[in-house]
Structure formats: C-alpha cells, structure tokens
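In this note's numbering, the protein residues as written are -17 to 125.
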C-alpha cells in the first residue's frame, strides 16, 4: 500500500511538475512576447527620438542661419545709418559752403557795384575836368 501510495504520490508530483513546467513555459513565452512587444515599442521610441533629434538639429541650424541673417541685416542697417549720417554731415557742409559762396558772390557783386559807381564818378569828374579844360583853353585862346 505504501508503495502504491508512493507511486500515486510520485505520479501526482510528476503531473504537478509537468503542469508547473507547462505553466512556467507559458509564463516564459508570455514574458518573451511581452519583452518582444516592449523591444518593438523601444525601437519605435528610439526611432522617434532619433527623428526628434534630427528635427532639433535642423531647427538649431535654421536658428543659427536666421541669427546670422539677422546679424547681417543689423550690420546693413548700421552701415546704412552710418552712410545716412555721413550724407547728412556732407549735406550740412555743402549747405555751409553754399552759404559761404553766396556771401562771397554778394560781396563780389557789391564790390562790382561799388567799382561801377566809382568808375561813374570818375567819368563824371573827367567830363567836368574836360569841360573846365576846354573852357580854360577857350579863355586862353580868347586872350
């Protein structure tokens, strides 16, 4: 009886072991399937991360390019401002020079007018002297 009981017990243990092994294999298979799913998800996430890194690199490049263009534009604006300031200075200098030239011309015109008046006075005085000379000569000739 003990031997039959032991045999039955032995069979039950074997069945339990087989059942446990079968359940263990199923569990291992489930875990492996879960691992495969997790690996797939990990691969997808890694691909997304790489895509995001690439987009980030592109965005950083575009940002640097825009900053470079902005600096160029800022430099151009500074240059234009400097040119504008230089042109204003030249314009002011030209205006001052123009006023000086106008003043010189007015002065020259005034000098010419004064010279013409002086010449006119000289001409009148010459005519008066000529008349006096002619009268004197007539008076002398009459004597």
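Where a beta carbon is used, it is the ideal one built from N, C-alpha and C, also for glycine.
Per-residue DSSP class, three states only, for residue i
i: residue 27; result: helix
i: residue 13; result: helix
i: residue 122; result: helix
Subject >> Whole runs of the alpha helix (DSSP H) within the region 34 to 112, excluding any shorter than 4 residues >> reply: Runs of the alpha helix (DSSP H) inside the region 34 to 112: none found.
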